[in-house]
Ligand code: SF4
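Numbering (my numbering), first residue to last: 9 to 432.
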């Protein structure tokens with residue numbers, strides 16, 4: 009498969025994102041109302057069924073990180089009183105607003121007409137939107153999603169979320185949009201979501217091949233983009249995944265690895281599973297370290313924060329509100345430590361990984377807590393070595409390429425030793 013073919017899906021996604029940010033920049037002129045919300049547990053189809061446009065502050069923060077603008081925004085938020093320990097997504101977002109709310113593509117972002125706080129597992133989500141509520145004069149709705157502390161979502165939990173969607177959220181969206189709730193329209197969108205989700209799962213599962221035709225962490229960021237953000241429920245989203253899966257099928261047939269910024273990576277000496285989000289400020293440098301060491305990522309948990317589709321979940325048009333509740337309850341941020349450990353152990357086996365790597369994020373207290381326990385437990389259960397590295401999401405002060413290189417090298421040596429011991 010040629011690089012041009014790979015570039016088709018990336019170019020398509022770039023076009024989709026550019027169109028979305030342009031739509032946002034013109035929202036006020038075109039009379040579109042805007043809802044700020046979070047990626048995990050997002051109710052994109054429901055918002056779109058009211059013709060509302062969603063905005064995801066984490067996506068703006070990560071895009072700003074990739075474009076090396078986040079340091080200025082973080083400094084601005086710190087000047088405003090947010091401490092060094094506050095989640096850097098929050099500081100990047102608040103700093104961006106303080107500096108005029110110009111989005112990552114350089115176009116202005118509209119103010120929110122509603123803040124929809126889907127609370128899925130991270131307490132910071134709540135504090136973040138408390139801050140936004142103080143900055144913008146607009147209503148807020150909180151969708152409280154019970155944490156899966158016992159490792160499963162119960163019928164009572166689902167009913168609780170459905171009641172909130174029906175009794176609190178839908179009336180708020182009706183009031184904001186001036187439209188009545190249209191369940192037929194919502195069902196149509198959910199049906200389209202499920203088709204796109206089939207495509208994403210095919211793409212992620214292709215990493216079972218050797219060589220893997222995808223990188224399920226760095227490349228995975230692109231593959232989950234349309235489904236995790238504003239495009240679920242649209243024809244564009246289905247088209248994107250059709251393109252992507254066709255590209256991957258061609259790569260499998262040709263025995264090729266993924267296209268990376270450094271070139272095609274067919275020579276894969278190590279297959280890894282990764283826990284934790286990527287670093288965004290040095291995304292390319294971070295990826296290059298893996299590329300240089302011939303380490304391909306065959307599964308990651310970051311690509312599940314917006315839904316565990318590869319574990320069977322699909323948006324179900326036959327149960328529109330129940331399926332939205334199940335989606336919120338089941339996304340990765342809402343899972344307990346034992347459930348996260350089970351998931352990682354499953355990936356190590358399913359993708360026949362040589363080991364797993366934890367990328368801990370300095371300012372993400374919610375998900376970094378417990379990662380060392382996860383690592384020890386996984387080592388016991390899988391018999392494969394675990395590695396640990398630490399940087400940050402969008403604060404460049406915490407990325408040290410030399411440090412990560414050293415740690416990665418030592419970790420891959422451990423894998424070599426395990427291999428040698430096995431074959432002895
Ligand atoms: S999950 Fe981590 S990165 Fe996301 S909002 Fe919470 S603290 Fe910040």
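Even glycine gets a Cβ: it sits at the ideal position worked out from N, Cα and C. Since this is a predicted model, take the numbers as computed values, not measurements.
(request) Keeping to the same chain, check which residues put their C-beta closer than 8 Å to that of residue 127; ignore five residues upstream and five downstream. (result) Reading the chain shown from its first residue, position 119 is the one you call residue 127. Within the same chain, 49, 133, 134, 150, 151, 152 and 153 come within 8 Å of residue 127 by CB-CB distance, once the 5 residues on both sides are set aside.
(request) From the DSSP output, read off the bridge partner residues of residue 278. (result) By one-based count along the chain shown, residue 278 stands at place 270. Residue 278 has 303 as its beta-bridge partners, per DSSP.
(message) Short of 8 Å in beta carbon distance, which residues of its chain neighbour residue 415, apart from the five on each side in sequence? Order them along the chain.
(response) Along the chain shown, read from residue 1 onward, the residue named residue 415 stands at position 407. Taken in chain order, the residues that qualify are 395, 396 and 397.
(message) Residues in the same chain with beta-carbon distance under 7 Å from residue 9, minus the five sequence neighbours each way, listed in chain order, please.
(response) To locate residue 9, count along the chain shown from 1; it is residue 1. Residue confidence is low: residue 9 scores 38 on pLDDT, short of 50, so the model does not pin down where it sits. No coordinate-derived value is stated.
(message) Does the contact criterion of 3 or more C-beta pairs under 8 Å hold for the segment 30 to 40 versus the segment 205 to 213?
(response) Proximity of the segment 30 to 40 to the segment 205 to 213 falls short of the contact definition, fewer than three beta-carbon pairs being nearer than 8 Å.
(request) Taking only heavy atoms of ligand 1 into account, decide whether any of them is closer than 7 Å to the Cβ of residue 298. (result) Here residue 298 refers to the residue found at position 290 of the chain shown. Taking 7 Å as the cut-off, the C-beta of residue 298 does not count as close to any heavy atom of ligand 1.
(request) In the DSSP assignment, find the alpha helix (DSSP H) that holds residue 65 and state where it starts and stops. (result) Position 57 of the chain shown, counting from 1, holds the residue named residue 65. If you look at residue 65, you'll find it in the alpha helix (DSSP H) that goes 65 to 74.
(request) Assign residue 420 to one of two classes, buried (16 or more other C-beta atoms within 10 Å of its C-beta) or exposed (fewer than that). (result) Position 412 of the chain shown, counted from the first residue, corresponds to residue 420. With 16 or more Cβ atoms within 10 Å of its Cβ, residue 420 is classed as buried.
(request) Reducing DSSP to helix, strand and coil, say where residue 18 ends up. (result) Counting from one through the chain shown, the residue named residue 18 turns up at place 10. It is helical.
(request) Starting from the N-terminal end, write out each residue whose C-beta falls within a distance shorter than 5 Å of any non-hydrogen atom of ligand 1. (result) Going down the chain, each residue whose beta-carbon is closer than 5 Å to a heavy atom of ligand 1 shows up: 95, 97, 130, 132, 372 and 374.
(message) Let's see if you can read the secondary structure: which residues bound the alpha helix (DSSP H) around residue 333?
(response) One-based indexing of the chain shown puts residue 333 at position 325. Unbroken alpha helix (DSSP H) run through residue 333: 328 to 338.
(request) Identify, in the order they occur along the chain, each residue of the same chain with its Cβ nearer than 7 Å to the Cβ of residue 194, setting aside the five sequence neighbours on each side. (result) Residue 194 sits at position 186 when you count from the first residue of the chain shown. Only 53, 54, 57 and 328 meet the Cβ criterion.
(request) Return helix, strand or coil for residue 354, following the three-state DSSP convention. (result) Your numbering for residue 354 matches position 346 in the chain shown. Helix.
(message) Using CA atoms only, rank isn't needed, just tell me which of 92, 277, 199 and 222 is closest to residue 245.
(response) Start at 1 with the first residue of the chain shown, and residue 245 comes out as number 237. For the residues 92, 277, 199 and 222, the minimum Cα distance to residue 245 belongs to 199.
(request) Report buried or exposed for residue 411, applying the criterion of at least 16 other Cβ atoms within 10 angstroms of its Cβ. (result) Position 403 of the chain shown, counted from the first residue, corresponds to residue 411. Counting the other CB atoms within 10 Å of its CB gives residue 411 a total below 16, which places it among the exposed residues.
(message) How far does the alpha helix (DSSP H) with residue 239 in it extend, from its first residue to its last?
(response) Mapped onto the chain shown, residue 239 falls at position 231. Per DSSP, residue 239 belongs to no alpha helix (DSSP H) and is neither H nor E.
(request) Could you tell me if residue 11 is buried or exposed, where buried requires 16 or more neighbouring beta carbons within 10 angstroms of its beta carbon? (result) Numbered from its first residue, the chain shown carries residue 11 at position 3. Confidence at residue 11 is low in this model, with a pLDDT of 43, below 50, so the placement of that residue should be treated as unreliable; the coordinate-derived value is given next. Exposed is the call here.
(message) Based on DSSP bridge pairs, tell me the residues matched to residue 156.
(response) One-based indexing of the chain shown puts residue 156 at position 148. Answer is 343.
(message) Please state the DSSP three-state secondary structure of residue 283.
(response) Your numbering for residue 283 matches position 275 in the chain shown. Reduced to three states, the DSSP call for residue 283 is strand.
(request) Starting from residue 423, follow the alpha helix (DSSP H) in both directions and report where the run begins and ends. (result) For the purposes of this step, residue 423 is identified with residue 415 of the chain shown, where counting begins at 1. Here the alpha helix (DSSP H) through residue 423 covers 409 to 431.
(message) Quick check: the segment 300 to 316 against the segment 330 to 344, are at least 3 beta-carbon pairs closer than 8 Å?
(response) Between the segment 330 to 344 and the segment 300 to 316, the count of C-beta pairs closer than 8 Å reaches three or more; the two stretches touch.
(request) Measure the alpha-carbon distance for residue 13 versus residue 322 and round it to whole angstroms. (result) Taking the first residue of the chain shown as 1, we reach residue 13 at position 5. Taking the first residue of the chain shown as 1, we reach residue 322 at position 314. With a pLDDT of only 44 at residue 13, under the threshold of 50, the placement of this residue in the model should not be trusted; the figure read from the coordinates follows. Approximately 28 Å, taken between the alpha carbons.
(request) From the DSSP output, read off the bridge partner residues of residue 268. (result) As a position in the chain shown, residue 268 is number 260, starting the count at 1. Beta-bridge pairing links residue 268 to 271.
(message) Tell me which residues share the same chain as residue 353 and place their Cβ nearer than 7 Å to its Cβ, disregarding the 5 neighbours each side in the sequence.
(response) Position 345 of the chain shown, counted from the first residue, corresponds to residue 353. Once the five neighbours on either side are set aside, the close Cβ partners of residue 353 are 386, 389 and 390.
(message) Please return the same chain residues whose Cβ sits closer than 7 Å to the Cβ of residue 76, not counting the five positions on each side in sequence.
(response) Here the question's residue 76 lines up with position 68 in the chain shown. So the qualifying residues of the chain are 289.
(request) Look up residue 375 in the DSSP assignment and say whether it is helix, strand or coil. (result) For this step, residue 375 is matched to residue 367 along the chain shown. In the three-state reduction of the DSSP assignment, residue 375 falls in the helix class, which pools H, G and I.
(message) Let me confirm a value: residue 349 is counted as buried when at least 16 other C-beta atoms fall within 10 Å, else exposed. Which label applies?
(response) Position 341 of the chain shown, counted from the first residue, corresponds to residue 349. So residue 349 ends up on the buried side.
(request) With a threshold of 16 other CB atoms inside 10 Å of the CB of residue 175, please say whether the residue is buried or exposed. (result) Position 167 of the chain shown, counted from the first residue, corresponds to residue 175. By the beta-carbon neighbour count (other beta carbons within 10 angstroms, threshold 16), residue 175 is exposed.
(request) Give the C-beta separation of residue 18 and residue 230 to the nearest angstrom, bearing in mind that I take them to be a contact with Cβ-Cβ under 8 Å. (result) Counting from 1 along the chain shown, the entry for residue 18 is found at position 10. Counting from 1 along the chain shown, the entry for residue 230 is found at position 222. Between the beta-carbon of residue 18 and that of residue 230 there is about 6 Å, and that keeps the pair under the 8 Å contact cut.
(request) Using three-state DSSP, classify residue 404 as helix, strand or coil. (result) On the chain shown, residue 404 is found 396 positions in, with the first residue counted as 1. Here residue 404 sits in helix by DSSP.
(message) As a quick exercise: from 80, 115 and 93, pick the residue whose alpha carbon is nearest that of residue 101.
(response) Within the chain shown, residue 101 is the residue found at index 93, counting from 1. Residue 80 is the option with its Cα nearest to residue 101.
(request) Go through its chain and collect everything with a Cβ distance to residue 187's Cβ below 6 Å, but skip five positions before and after it. (result) Translated into positions along the chain shown, residue 187 becomes position 179. Cβ-Cβ distances below 6 Å link residue 187 to 58 in the same chain, with the five nearest sequence neighbours on each side left out; the list follows chain order.
(request) Find the nearest neighbour of residue 359 within the set 184, 116, 47 and 216, judged by alpha-carbon distance. (result) Numbered from its first residue, the chain shown carries residue 359 at position 351. Checking every option, the nearest Cα to that of residue 359 belongs to 216.
(message) Given a cut-off of 8 Å on the beta-carbon distance, is the pair residue 333 and residue 235 in contact?
(response) Position 325 of the chain shown, counted from the first residue, corresponds to residue 333. Position 227 of the chain shown, counted from the first residue, corresponds to residue 235. In this structure, residue 235 does not lie closer than 8 Å to residue 333 by Cβ.
(request) Report the rounded CA-to-CA distance for residue 409 versus residue 294, giving the unit in angstroms. (result) By 1-based counting over the chain shown, the position of residue 409 is 401. By 1-based counting over the chain shown, the position of residue 294 is 286. Spanning the two alpha carbons is a distance of roughly 7 Å.
(request) Mind checking who residue 364 pairs with in its DSSP beta bridge? (result) Taking the chain shown and counting its residues from 1, the one referred to as residue 364 is at position 356. 281 and 394.
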